[in-house]
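Written below as structure tokens is the structure these notes are about.
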Amino acid sequence: MKELFRSTDPVRISSAVSLLEQEGIAVFEMDRHMSILDGSIGILPRRLMVADRDAFMARSILRDAGLDE
Numbered sequence: 001m002k003e004l005f006r007s008t009d010p011v012r013i014s015s016a017v018s019l020l021e022q023e024g025i026a027v028f029e030m031d032r033h034m035s036i037l038d039g040s041i042g043i044l045p046r047r048l049m050v051a052d053r054d055a056f057m058a059r060s061i062l063r064d065a066g067l068d069e
């Protein structure tokens, strides 16, 4: 699996997941439940992961949408 990006912004994460799933790319969101440990203040970033074979296309989709870093 390849990491696409890290973010503490839940809106950015959900937008990226939605875009990628619409294109048929499976996305795994790591560290989703870590907010329990930080008291839900959002200091621990969540990571979006995709399969190695989908990484190039996923990065292109996010770049076109302005969601890349």
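Residue numbering for the sequence shown follows the UniProt record's numbering, starting at 1 and increasing by one per position. Yeah, the Cβ is synthetic: ideal placement off N, Cα and C, and Gly gets one too.
In this structure, the alpha-carbon of Asp64 lies about 25 Å from that of Arg32. C-alpha of Arg59 to C-alpha of Leu19: approximately 11 Å in a straight line.
From the listed residues Arg46, Leu62, Arg53 and Val50, the smallest Cα separation to Ser7 is found for Arg46.
Nearest to Ala26 by C-alpha distance, out of Gly66, Arg53, Asp68 and Asp9, is Arg53. By the beta-carbon neighbour count (other beta carbons within 10 angstroms, threshold 16), Leu44 is exposed. With fewer than 16 other Cβ atoms from the protein chains shown falling within 10 Å of its own Cβ, Ala51 counts as exposed.
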